[in-house]
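Protein chains in written order, with my numbering: chain A, 127 to 494; chain B, 5 to 279; chain C, 886 to 1153.
Everything on this sheet refers to the single structure shown next.
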Amino acid sequence: MTDRCAFKLPRDRFDDLLQAIRQRNYLLLAPVERDGSVMWGEIEGSRELAWGKADSQAPGSYRLEAGHPERCFEVTHGPQSLKSLTFSPRQKLVHVRCGDDGLTFDSEAAESKPTAVIGVRACDLAALKMQERIFIEGEYADPYFKARREKLLLVAVNCTRAQPTCFCASMGTGPAAESGFDLVLTELEEGFLVAAGSRTGEEIIASLNLDAAGEPEQEEARQAVEACAASQTRSINTEQLPQAMYAAHDHPHWDDIASRCLSCANCTMVCPTCFCHAVEEVPTLSRDESERIRVWDSCFTPEHGYIHGKNMRPATRERYRMWLTHKLAAWIDQFGSSGCVGCGRCITWCPVGIDLTAEVAALLEKDA
Amino acid sequence: MNPYAIHAARIAEKIQEAPGIYTFRLLFEDEAVASAFAFAGGQFNMLYVAGVGEIPISIVSDPDRARELDHTIRVVGRVSEVMGNLQEGDTLGIRGPFGHGWPLDEARGRDVLVVTGGLGCAPVAGAIEYIFRRREQYGSVKIMHGVKKPRDLLFRERFDAWRQHPDTEVLLASDVAGRTWHYHIGVVTELFDEVEMEPERSIVMMCGPEVMMRLAAEHMGRRGVPRERMYLSMERNMQCGIGLCGHCQIGPYFACKDGPVMRYDRIAPFLGRDV
Amino acid sequence: MSEVPKPRLAVFKFASCDGCQLSVLSLEEDLLVLGGKVDIAYFPEASSRMLDGPYDLGLVEGSVSTPEDVHRLSAVREQCGKLVSIGACATSGGIQALRNFIDLDVSAVYPSPEYIDTLSTSTPISEHVDVDFELWGCPIDKQQLALVLGDLLAGVKPRLPGSSVCIECKRRQRTCVLVARGEACLGPVTRTGCGAICPGMSRGCYGCFGPADASFPPGRSQANSDALALHFHEALKMDAADVVRHFRGIHGYMDPFKQTAAKWEDDG
């Protein structure tokens, strides 16, 4: 955890921070309790956060339980990452009018409202950075992603609690938020530690007249984050990647996975880096208008590998292999680092609890 | 620039090349779009049919004449089926051009071997004409093309015209015989034995069924053509054309963005695989 | 100049609850558009004007459950250029196909069973005649219906996604009821199309759009209902009889749900 110029934010001044952000015309989004998990919800103040709640995640299982009554960031994360905020699950691209004189096309304007996201985790920042590389730093910039990203203000929270499904430490992405945020919080026994990661963040802190944090608070924060890293039980051995994944193409273990996998695509939906999308054509019944709408897609759908009459990946075995080989091998060749940030969502939100860390370990065994 | 923006184009001409195969000559409706449009041989456009969707189609016309954009389609899927029913004067949409085309610069001073199958002759046609207009800059040109049945042969006149160029051979093959077929009977790879080549100074451009290209590349490799001088035009499910939608991956490559024309040494490990 | 006659549409009913035909009527504004595009020649649910065939497009609701149905269906097929089966009954035999798993005894239900002339099974339309397209759901989804009708009338091959309900559920940013609450949910193996209604109301999907993963290319569903059934039993502590009940529902006669239920029936 890099030492930044940290300040003490007493619990009873947390709302001052939130109001300082709101005064800059940001909508506040934070993880709020919904249907047994947390989801990004609009808040007005800290009261609406998940105080006294903690999550308990395991393969195929998520439960909200009682947590430390004085804490609001004990819930590690819900199914959402930042993905839905920048790469919208449903984005209208083009409106088409079909008149007697031919076709007229109107591209959807790329617009977004200033939005501050409170409680972003290190794994999500790493995933956002990866998605920025994909959507806006490549040959073609996606205007919709770009517009949304530019309007985000990110308030990170260092993780002091790891789930059994977390393995960010092994992927080198957490549990401390190192960069890519405007502000970073660490929740302590008495209030928070807050530090800036951007000019805007510095200005917000400056407006609050906070006391600089002393060594005891900094030490408490350091220890909490280190303990969180040390408590992680899952990992992926990244040393042999990407070659070992490519080499595992004909491993019999893919069949074993396919016998358990539902091909339901939940892993790819909750994955904060998965970027596949399809474009749906939605014409009116009269056919004088149509819309082209981009929606989240997945390599687990029967359509994904389809090309006139042939399906490149007809069965679950090939689809899971596509996902994992892409995520852990091809991704490195494409974008310079792994597509997995170790958030563990694909393990938790897999309805049958398939654990990619275990599958990778089995696939990289030498006896293929 | 919004890469999802579609521009209206009118069908100026529709030519039936073979049963179920049509060439559409398209003109942009908007003059500004038309004058700004430039492409390289082997690049493709996403062609849009209202109410149905988009499909990636290679531009088969001459890159030097980018105002008239020819696209040859085969009626095989739900979009191309409707497209095949469009008539002169109808409009469709164009987004493009996308992808990387044929290595026409690298090919300068080299012997050019073109190996195609079926409709695969279309994506190379523009590049071949580009070469013939600069005939002196290239070595010998050998075009080998295979079809299943004689009636599947399209661009018959173009093949005949290409044959007339100096230091050029055009060899055709059909899997089955026909009364007017006086070329080779068999698969395209059998033509390789009929051509003399200097592997060291050759460059190969291939387009057709993946199996055909793989066999052809292996054969050329045995003849001594370096793997890095063989280029294949790849076909995959493409929805965005700009490397973002994820459908067209071949190993670490995106066929739309890194291809569709790809170097054999790079994609060889992934041919015939599903990831 | 004489106008080109509009295509003639017919809507037929077999063993069913009429709910899918009602979906046609509840197209609202699109119903007017439809009326402008086609001549609704035969639709007894909606109008007493019943014109003879042939028809360009026929929609068939309901399953085949009587000897008379079999004959009438083959006549319907002959009368229709394109035939689309609509709804769970027509696509997989419907809830009434539960009878396919028992020895049917109508005398147990009807006081005068001699008036009942029924087959021992309820079967989907496609088991008897060729269909051009199947529109799934109990009931069918209006938007899917409008899309498919629009495609057919425009000469476009209809296409609907064959992926799971989960994809739509996640696109709508809903919390998974199976993972977060332990609700039995068939979403992972059920075809999308409903808009993930049930999980959106915090309850499990009961599979009313049938098995997922059967459309590309069309054929037998590859949905892994065996793995989900095992999870219901092991993680949700569901007993074998309950596992059978979950998979032998509206689409219980459809593979792979049928096979999964049969395996657990043998177990229990």
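Idealized CB from N, CA, C, for every residue including glycine.
If we count the other Cβ atoms within 10 Å of its Cβ and call it buried at 16 or more, is residue i buried or exposed?
i	result
residue 403 of chain A	buried
residue 170 of chain A	exposed
residue 1122 of chain C	exposed
residue 220 of chain A	buried
residue 287 of chain B	What the structure shows of chain B is the stretch from 5 to 279, and residue 287 of chain B is not part of that stretch, so it cannot be assessed.
residue 10 of chain B	buried
residue 246 of chain B	buried
residue 155 of chain A	buried
residue 1052 of chain C	buried
residue 427 of chain A	buried
Ignore the nearest five residues each way along the sequence and tell me which others in residue i's own chain have a CB closer than 6 angstroms to its CB.
i	result
residue 295 of chain A	355 and 358
residue 925 of chain C	894
residue 177 of chain B	150, 188, 190, 192 and 195
residue 1145 of chain C	1110, 1111, 1114 and 1132
residue 980 of chain C	1135
residue 158 of chain B	21, 22 and 25
residue 473 of chain A	185, 291 and 481
residue 944 of chain C	896, 969 and 971
Answer with yes or no whether the minimum CB distance from residue i to chain A is below 9 angstroms.
i	result
residue 80 of chain B	yes
residue 58 of chain B	yes
residue 246 of chain B	yes
residue 261 of chain B	yes
residue 967 of chain C	no
I want to check one thing, is the minimum distance from the CB of residue i to the heavy atoms of the ligand GDP below 8 angstroms?
i	result
residue 153 of chain B	Absence of the ligand GDP is noted for the structure shown, with no ligands found whatsoever.
Once you ignore the five residues that flank residue i on each side, which residues in its own chain have a CB closer than 7 angstroms to its CB?
i	result
residue 231 of chain B	225, 268, 269 and 272
residue 126 of chain B	62, 64 and 76
residue 1106 of chain C	1096, 1097, 1098, 1099, 1140 and 1141
residue 110 of chain B	207
Using three-state DSSP, classify residue i as helix, strand or coil.
i	result
residue 1093 of chain C	coil
residue 209 of chain A	helix
residue 194 of chain B	helix
residue 179 of chain B	coil
residue 955 of chain C	helix
residue 256 of chain A	helix
residue 1071 of chain C	coil
residue 392 of chain A	helix
residue 403 of chain A	strand
residue 309 of chain A	strand
residue 430 of chain A	coil
residue 47 of chain B	coil
residue 218 of chain B	helix
residue 967 of chain C	strand
residue 249 of chain B	coil
residue 243 of chain B	coil
residue 91 of chain B	coil
residue 5 of chain B	coil
Within 9 angstroms of any Cβ in chain C, is that where the Cβ of residue i sits?
i	result
residue 243 of chain A	no
residue 85 of chain B	yes
residue 298 of chain A	no
residue 250 of chain B	no
Return the chain-ordered list of same chain residues with a C-beta closer than 8 angstroms to the C-beta of residue i, the five sequence neighbours on each side being excluded.
i	result
residue 88 of chain B	24, 26, 77 and 79
residue 1156 of chain C	The first residue shown for chain C is 886 and the last is 1153, placing residue 1156 of chain C beyond what the model contains.
residue 174 of chain A	156, 158 and 167
Got a sec: is the Cβ-Cβ distance from residue i to anything in chain B below 9 angstroms?
i	result
residue 1166 of chain C	Look at the range of chain C in this structure, 886 to 1153, and you will see that residue 1166 of chain C is not part of it.
residue 405 of chain A	yes
residue 145 of chain A	no
residue 231 of chain A	yes
residue 1044 of chain C	yes
residue 1031 of chain C	no
task: Counting only runs of 4+ residues fully inside the segment 259 to 290 of chain A, write out the alpha helix (DSSP H) ranges in chain order.
output: 269 to 276
- prompt: What are the uninterrupted segments assigned as alpha helix (DSSP H) that are 4 or more residues long and contained completely in the segment 1003 to 1067 of chain C, given in chain order?
  reply: 1027 to 1038, 1050 to 1056 and 1062 to 1066
query: Where in the segment 101 to 172 of chain B do unbroken runs of the beta strand (DSSP E), each at least 3 residues long, occur, reported from the N-terminal end onward?
result: 115 to 121 and 145 to 151
message: To test your reading of the DSSP string, which unbroken alpha helix (DSSP H) runs of 4 or more residues are found completely within the segment 331 to 387 of chain A?
response: 341 to 356, 369 to 373 and 379 to 386
message: What ranges does the beta strand (DSSP E) occupy inside the segment 148 to 194 of chain A, keeping only unbroken runs of at least 3 residues that lie completely in it?
response: 153 to 160, 163 to 169, 179 to 184 and 187 to 192
message: At 4 residues or longer, what runs of the alpha helix (DSSP H) sit wholly inside the segment 1095 to 1139 of chain C?
response: 1110 to 1119 and 1125 to 1132
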